[in-house]
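These notes are about the structure you will find just below.
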DNA sequence: AAAAAAAGAATGAACATTCATTTTTTATGT
DNA sequence: ACATAAAAAATGAATGTTCATTCTTTTTTT
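Protein chains in written order, with the numbering used here: chain R, 4 to 197; chain X, 4 to 197.
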């Protein structure tokens, strides 16, 4: 037990260091040696936990993505009405993106880069299903526009990534009011107009 | 004249090669030697045109960003009505993102990465002013929601980046109809509801 | 005492950048 | 026009560094 615990701690430290360094310097400028140093570990030790650098980054991606979706759906129940369900999920996602900034930044970087291999990317998408199901229900009930999931995502969820990035960069600081405005815009763009 | 022309051709070839390689392999996996090879030039020659790798990437970014905004505003006239002006600019941007896919992909990667230095990023934003002015006018006329430029951009323009990426990845193929839908969503999310 | 985990140093490849030469262009004098 | 010298541009090979990964030894756990 103690051994296993210790191992998990080290693995977590490595993943955390990877996120922080990749966020600040980019993949191209984060050597294994720095990751090791930040995690208080010898470079050689990394290879006890991960196959190589690519594997480390892939696994970090999958881990963070899983945290993200877990957070998003934590309080969601698939029997909720469509509108309420969407609002709930949207706000959880917003919460994650704006509070767990490090994690969200890392995902944004991975999602726009050939840094992650196709297989891990696929793996990362899996857990988004509840949202897709909700949208399907919304379309059937005539509450949500009959657009593809991709379009709905592009208009209602993806903008949060952009907002997160510029907030991190210090260009804006979203308060409660602005967040509510952002939510209304998101909803406007996907709800079926009467 | 002949000399200058030749130089510009080489510079362009280098920039083109940089875009293509960074798009396909990421910054971290595009060595100067490959860029040189793709541009049919010796590695040493790159340093006659650019200070170093960072400078090459920064200048490529600025160049592509300038192309992007030039394209976006090509047929826009600042005396147009707000709604028509927005539709025009939006559709030009969509055109650019979906047709000049290579260029747009490169920008997306740069914009979510510490690949580009802050100064060059600043430089790249400059040319967006006509759109910001249009929005200001729209807010004053009560046609556009009283949101910050960042929010308006996040909801009406940024989704195109996401759509472009998934189209490049082969997940969707936007036709005329879907593009019109996307436009309507964009407009819905920023227009003042009556 | 055996096995597992971790470490630091070593290895070899890849890479950005520079150097010494060669090729091409430009300017000059006839 | 033309030959030729100076200047500029371009090159391939060399340089020195950085880095991912592995090897051997040491420490910790069982």
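From the three backbone atoms N, C-alpha and C, an ideal C-beta is built for every residue, glycine too.
Keep in mind it's a predicted model, so treat the numbers as computed, not measured.
- Note that the C-beta distance between residue 185 of chain R and residue 16 of chain X is not below 9 Å.
- With contacts defined by Cβ atoms closer than 9 Å, residue 63 of chain R and residue 130 of chain R do not form a contacting pair.
- Short of 6 Å from the beta carbon of residue 41 of chain R, and not among the five residues preceding or following it, lie these beta carbons of its own chain, in chain order: 20.
- As computed with DSSP, residue 194 of chain R is found in a beta bridge with R:147.
- At a cut-off of 4 residues, the continuous stretches assigned as alpha helix (DSSP H) that sit fully inside the stretch 106-171 of chain X are 121-128, 132-143, 152-155, 161-171.
- Between residue 137 of chain X and residue 96 of chain X, the CB-CB gap reaches or exceeds 9 Å.
- Its chain contains no residue whose beta carbon lies nearer than 6 Å to that of residue 173 of chain X once the 5 sequence neighbours on both sides are disregarded.
- Within chain X, the residues 154 have their CB atoms less than 7 Å from the CB of residue 185 of chain R, given in chain order.
- Assignment of residue 40 of chain X by DSSP, reduced to helix, strand and coil, places it in the helix class.
- Residue-level contact by beta carbon fails for residue 131 of chain R and chain X, as no gap is shorter than 9 Å.
- Identification of residues in the stretch 103-130 of chain X having a C-beta nearer than 8 Å to some C-beta of chain R yields 111, 112, 114, 115, 116, 117, 118, given in sequence order.
- Taking a cut-off of 8 Å on C-beta distances, the stretch 24-35 of chain X does not touch the stretch 174-181 of chain R, as fewer than three cross pairs fall below it.
- If you check the CB distance, residue 69 of chain X and residue 167 of chain X do not come in under 9 Å.
- Residue 111 of chain X is classed as buried because its beta carbon has at least 16 other beta carbons within 10 Å across all chains shown.
- The C-alpha of residue 85 of chain R is placed about 24 Å away from the C-alpha of residue 159 of chain X.
- Around the beta carbon of residue 88 of chain R, 16 or more other beta carbons lie within 10 angstroms, which makes this residue buried.
- In terms of beta-carbon proximity, residue 62 of chain R stays away from the interface with chain X, with every pair separated by 9 Å or more.
- Using a CB distance cut-off of 9 Å, residue 55 of chain R does not count as an interface residue toward chain X.
- Interface with chain R (9 Å Cβ-Cβ cutoff): residue 175 of chain X is included.
- The three-state reading of DSSP puts residue 12 of chain X in helix, counting H, G and I together.
- Separation of residue 187 of chain X and residue 195 of chain R (C-alpha to C-alpha, rounded to the nearest whole angstrom) is 12 Å.
- R:74 is the residue among R:54, R:74, R:67 whose C-alpha sits nearest the C-alpha of residue 99 of chain R.
- At least one CB atom of chain X sits nearer than 9 Å to the CB of residue 165 of chain R.
- Using a Cβ-Cβ cut-off of 9 Å, residue 34 of chain R is close to nothing in chain X; its nearest Cβ partner there is about 11 Å away.
- In chain order, 101, 176, 177 place their CB closer than 7 Å to the CB of residue 170 of chain X, counting only its own chain and leaving out the 5 sequence neighbours on each side.
- For chain X, none of the residues of the stretch 67-97 of chain R brings a beta carbon within less than 8 Å of one of its beta carbons.
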